[in-house]
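Visitor:
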Amino acid sequence: MSIFDKITDWMDRATEAGVRSVAHKSGRRSFLARAGLGLVGAAVLPVLPFDRSGSGGRAFAAQTSDEYACDYWRYCALDGNLCNSCGGTLTQCPPGSEVSKVSWVGTCTNPTDGKDYLVSYNDCCGRSECDNSPFCNSNERERPGYRMGLHNDINWCMANASQGYHCTVAALVGIAE
Numbered sequence: 722m723s724i725f726d727k728i729t730d731w732m733d734r735a736t737e738a739g740v741r742s743v744a745h746k747s748g749r750r751s752f753l754a755r756a757g758l759g760l761v762g763a764a765v766l767p768v769l770p771f772d773r774s775g776s777g778g779r780a781f782a783a784q785t786s787d788e789y790a791c792d793y794w795r796y797c798a799l800d801g802n803l804c805n806s807c808g809g810t811l812t813q814c815p816p817g818s819e820v821s822k823v824s825w826v827g828t829c830t831n832p833t834d835g836k837d838y839l840v841s842y843n844d845c846c847g848r849s850e851c852d853n854s855p856f857c858n859s860n861e862r863e864r865p866g867y868r869m870g871l872h873n874d875i876n877w878c879m880a881n882a883s884q885g886y887h888c889t890v891a892a893l894v895g896i897a898e
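Numbering of the sequence shown is given in the working numbering, commencing with residue 722 and proceeding in unit increments.
Below is the structure:
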């Protein structure tokens, strides 16, 4: 008998002894109850929050001087094209587009004064996507998709008559408390 056969024989005996021990201590109903609990736990797992940003925990490196760059402090939770590079301003949609009726809100820290501000991100709808603007995707403090008002990966033009996405504005709402 080779060493391999001895190991597999020992593993077979140990597995059989373990299974018989469990069978003596528990019945079919407790097994089914545990199996059902495991299935329910596996079904709930996909709705738990997780970090999809790919940042690996890095903080948003904000700057205050260039509002045409993705790292401008107001864009900490922005996902889209900048309207100020598409014929609009930081807070107004370009001509020919209309502001979305629904939006998401982010909390961004202004590095100049160190205060947190609520920023309303509104998509501008009704025109084709703006190609003149950098595409920014910052996910600072973003929440999973089941918290719609805090999630930036949704087409927020869905409530408008024309649902085509053009760009996004970032309007200050107030100081976060």
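Built from N, CA and C at the ideal position, the CB exists for glycine as well. Values in this document were obtained by computation on a predicted structure and should not be read as measured data.
Going by CA-CA distance only, name the one from Gly759, Gly809, Cys845 and Thr833 that's closest to Trp877.
Guide: Cys845
Visitor: Which residues does DSSP list as the beta-bridge partners of Cys888?
Guide: Cys845
Visitor: Give the DSSP bridge partners of Tyr838, in chain order.
Guide: Cys829 and Ile896
Visitor: Could you spell out the range, first to last residue, of the beta strand (DSSP E) harbouring Asp800?
Guide: Asp800 to Asn802
Visitor: I need the straight-line Cα distance from Ser859 to Gly739, nearest angstrom please.
Guide: 52 Å
Visitor: Which first and last residues belong to the beta strand (DSSP E) in which Tyr853 is found?
Guide: The sequence given here has Asn at residue 853, not Tyr. That residue, Asn853, is in no beta strand (DSSP E); it is neither H nor E in DSSP.
Visitor: Ala798 and Gly827 look like a contact to me (Cβ under 8 Å); what is the Cβ gap, rounded to whole Å?
Guide: 3 Å
Visitor: Which word fits Val761, buried or exposed, when buried means at least 16 other C-beta atoms lie within 10 angstroms of its C-beta?
Guide: exposed
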